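Protein chains in written order, with the working numbering: chain A, 1327 to 1691; chain B, 1327 to 1691. The beta-carbon is built from N, C-alpha and C at its ideal position, and this holds for glycine as well. These numbers come from a predicted model, not from an experiment. Below is one structure, written out as structure tokens; comments come after it.
Shown next, in the form of structure tokens:
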């Protein structure tokens, strides 16, 4: 049996939510959420107010993003919001599509999503480091980055640039929170913050009203809004996450969400680094320690993905690991070298244990 | 205060689901549906098996569509499935986009959805009746039709044509069911069958495996699957609809879903026709009666939208009605004349009563 670590399926979080018991159970009645509309007075008319409030409360608690003077746009995962943004910021009636770039290694889906409909509005233009055209562009800044886990800033830094900050992983189980992010366009998602990938809910914090309006238009045309059931469920989950830190007495010892998740990530990264040291065939990035404004703890990043390098003469790390029944995603998908693979750090315990055990036993052939 | 009847928001159904009490309540625990995946052995790997079973059972009961030898693809409403289909059936690497047509009057969103991303894959080509190019095309066949309620068949009938049958309204509260639909590509949605627009769930029945696979790919790239919460809720709702007919003893008199909804539609259409007769300024389509294989009843269509015509010298029916504080969508949006408007027949009772009262009192000025 292969150990599958290609996708970032966050099943690691199941155990925590099982422990929460009924605290995060939602009950939805048949007569609720019949209508397409949530609040017609809002720019994003399909955003449930309860979910908006839960988002604001959580960002305030964690201190990872400014929500003041921002429009919140909800999406069917941050994947839909990313496309809504491309639509919203691409110049209309332009003679050619705007270039979309991101520094390599970049999230492997960015090029596919940007180009799969052969849109006349936008076109993938590759690695931001090599972008040299003197014309408008969109730069995707993922921080901490998927796949390699490093914090990032824009690299093109030219006028006519539009920045989209993808903060899917800017949460205190993965990286020390340095300050509340304060950019024009910021993306978040529940799949990576709380683990609820199956609910398909993300949110954007957007300064400009016209951009928020055009994003809403995109979501109207592409899915006529976003599941109300999932919004209500996500609201409940985010509320419990906040409660677990603000009303600790209602929870058992060690059940504060980001404490618990940080401990999981720290244990897994130690386990992986031990396995890598045992094998001697691989290497991992090193992350400098810094202080987290949320936890007060000083630590080095514990990314949701490991960006593993095959040392020595192995040029196709993905195939090499497949030969040892470990399924990963190769570096080339991320605009990088085949010597690297991306490995999900968020599977269930059994899978993760099996993976590190297998990895540690791989010796040079 | 204006009476808003522009969108097809199906709030009429709220009252029925209120009467069902706890029968359609869903309870979702925090640890459920964490994963992106529902069933990795299936082509549509994010389709919840429970929802698939509920769909098959309901189609069998109603007799409105063949489900055998079909792949089921779930979507974030049938709007997403429509786009997934355009992607799946457009020829790849073609020198120019494939033409997309539908007989006027057609659903006003078809042209917008087809063209808003300026895709190189497909392009709106207007009224199917005037399509004369001798080349591949996609024809959208909505039956019964939105906006005018008539049953439809393909009109272009040339080789190289791909047909997409949109059966959002092919349910026994709107039209007599004549036989189980048996086309290659068929679309359905809960918004119009049971009224749950806020859950954003639709499904496609697709004969060809490759088309189902490419649709799945589209949904993976556009939203990485479909809300599990909404799928589970939709499953429950469809099960209760089936139960209300198959286990009548568990329900009160007159609570069988399609009975109840048919009665509502019949009453509303009578009320609207009475109002139109009072005013003498308008006219409505006449529908021939036929026998419904599901209910055994013989009746003329009771569409979810009324396609109202301003008779006499009024050329802009939408503006005329707006002057009387009735908000509708004008015929031009549907590729037709401004003498027509589309009016939702599915608002709450108070809104519908207010509308017919206002309409009946409009006399020639």
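Neighbouring residues, chain B, relative to residue i (Cβ below 7 Å)
{"i": "residue 1406 (chain A)", "result": "1548 and 1549"}
{"i": "residue 1421 (chain A)", "result": "Result: empty, since nearest Cβ-Cβ is about 12 Å, beyond 7 Å."}
{"i": "residue 1403 (chain A)", "result": "1549 and 1550"}
Interface partners of residue i on chain A, CB under 8 Å
{"i": "residue 1522 (chain B)", "result": "1359 and 1360"}
{"i": "residue 1373 (chain B)", "result": "None at all; the shortest Cβ gap to chain A is about 12 Å."}
{"i": "residue 1349 (chain B)", "result": "1356"}
{"i": "residue 1409 (chain B)", "result": "1548"}
Secondary structure of residue i, DSSP reduced to three states
{"i": "residue 1503 (chain A)", "result": "coil"}
{"i": "residue 1512 (chain A)", "result": "strand"}
{"i": "residue 1689 (chain B)", "result": "coil"}
{"i": "residue 1465 (chain B)", "result": "strand"}
{"i": "residue 1694 (chain A)", "result": "The first residue shown for chain A is 1327 and the last is 1691, placing residue 1694 (chain A) beyond what the model contains."}
{"i": "residue 1696 (chain B)", "result": "Any answer about residue 1696 (chain B) is impossible in this case: the structure gives chain B only from 1327 up to 1691."}
{"i": "residue 1480 (chain B)", "result": "coil"}
{"i": "residue 1544 (chain A)", "result": "helix"}
{"i": "residue 1613 (chain B)", "result": "coil"}
{"i": "residue 1636 (chain A)", "result": "strand"}
{"i": "residue 1489 (chain B)", "result": "strand"}
{"i": "residue 1530 (chain B)", "result": "strand"}
{"i": "residue 1549 (chain B)", "result": "helix"}
{"i": "residue 1494 (chain A)", "result": "coil"}
{"i": "residue 1366 (chain B)", "result": "coil"}
{"i": "residue 1334 (chain A)", "result": "coil"}
{"i": "residue 1537 (chain A)", "result": "helix"}
{"i": "residue 1391 (chain A)", "result": "strand"}
{"i": "residue 1628 (chain B)", "result": "coil"}
{"i": "residue 1401 (chain B)", "result": "strand"}
{"i": "residue 1339 (chain A)", "result": "helix"}
{"i": "residue 1608 (chain A)", "result": "strand"}
{"i": "residue 1623 (chain A)", "result": "coil"}
{"i": "residue 1653 (chain B)", "result": "strand"}
Per-residue contacts from residue i into chain A (C-beta, under 7 Å)
{"i": "residue 1339 (chain B)", "result": "1360"}
Sub-8 Å separation of residue i and residue j beta-carbons
{"i": "residue 1503 (chain B)", "j": "residue 1619 (chain B)", "result": "yes"}
{"i": "residue 1628 (chain B)", "j": "residue 1496 (chain B)", "result": "no"}
{"i": "residue 1667 (chain A)", "j": "residue 1685 (chain A)", "result": "no"}
{"i": "residue 1430 (chain B)", "j": "residue 1453 (chain B)", "result": "yes"}
{"i": "residue 1444 (chain B)", "j": "residue 1421 (chain A)", "result": "no"}
{"i": "residue 1610 (chain B)", "j": "residue 1328 (chain B)", "result": "no"}
{"i": "residue 1594 (chain B)", "j": "residue 1678 (chain B)", "result": "yes"}
{"i": "residue 1461 (chain B)", "j": "residue 1428 (chain B)", "result": "no"}
{"i": "residue 1468 (chain A)", "j": "residue 1353 (chain B)", "result": "no"}
{"i": "residue 1556 (chain B)", "j": "residue 1556 (chain A)", "result": "yes"}
{"i": "residue 1658 (chain B)", "j": "residue 1643 (chain B)", "result": "no"}
{"i": "residue 1408 (chain A)", "j": "residue 1560 (chain A)", "result": "no"}
{"i": "residue 1337 (chain B)", "j": "residue 1549 (chain A)", "result": "no"}
{"i": "residue 1541 (chain A)", "j": "residue 1366 (chain A)", "result": "no"}
{"i": "residue 1514 (chain A)", "j": "residue 1410 (chain A)", "result": "no"}
{"i": "residue 1360 (chain B)", "j": "residue 1339 (chain A)", "result": "yes"}
{"i": "residue 1482 (chain A)", "j": "residue 1450 (chain A)", "result": "no"}
{"i": "residue 1632 (chain B)", "j": "residue 1672 (chain B)", "result": "no"}
{"i": "residue 1539 (chain A)", "j": "residue 1388 (chain A)", "result": "no"}
{"i": "residue 1635 (chain B)", "j": "residue 1608 (chain B)", "result": "yes"}
{"i": "residue 1391 (chain A)", "j": "residue 1512 (chain A)", "result": "yes"}
{"i": "residue 1423 (chain A)", "j": "residue 1384 (chain A)", "result": "no"}
Whole-number beta carbon distance between residue j and residue i, since they are thought to touch under 8 Å
{"i": "residue 1563 (chain A)", "j": "residue 1520 (chain A)", "result": "5 Å"}
{"i": "residue 1362 (chain A)", "j": "residue 1528 (chain B)", "result": "In fact, because the Cβ distance is near 13 Å, the residues do not count as touching under 8 Å."}
{"i": "residue 1405 (chain A)", "j": "residue 1381 (chain A)", "result": "With a Cβ gap of about 18 Å, residue 1405 (chain A) and residue 1381 (chain A) do not count as contacting."}
{"i": "residue 1533 (chain A)", "j": "residue 1605 (chain A)", "result": "Between residue 1605 (chain A) and residue 1533 (chain A) the Cβ distance is about 47 Å, and since that is not below 8 Å, they are no contact."}
Per-residue contacts from residue i into chain B (C-beta, under 9 Å)
{"i": "residue 1336 (chain A)", "result": "1360, 1361 and 1362"}
Contacts of residue i in chain A (Cβ-Cβ under 9 Å)
{"i": "residue 1344 (chain B)", "result": "1355, 1356 and 1357"}
{"i": "residue 1413 (chain B)", "result": "1442 and 1443"}
{"i": "residue 1352 (chain B)", "result": "1352, 1353, 1354, 1355, 1356 and 1555"}
Contact list for residue i against chain B, beta-carbon separation under 8 Å
{"i": "residue 1333 (chain A)", "result": "1362"}
To be precise: take each residue of the region 1431-1454 of chain A, compare its Cβ to all Cβ atoms of chain B, and keep it if any distance is under 8 Å. Which residues remain?
Residues are counted here when their Cβ sits less than 8 Å from a Cβ of chain B; for the region 1431-1454 of chain A these are 1435, 1438, 1439, 1442, 1443, 1444, 1445, 1446 and 1447, given in chain order.
Give, in chain order, every residue of the region 1554-1570 of chain B whose Cβ lies closer than 7 Å to some Cβ of chain A.
Under the 7 Å Cβ criterion, the region 1554-1570 of chain B contributes 1554, 1555, 1556, 1559 and 1563.
If the cut-off is 9 Å on Cβ atoms, which residues from the region 1525-1537 of chain B count as contacting chain A, listed in chain order?
Here the close residues are 1525, 1526 and 1527.
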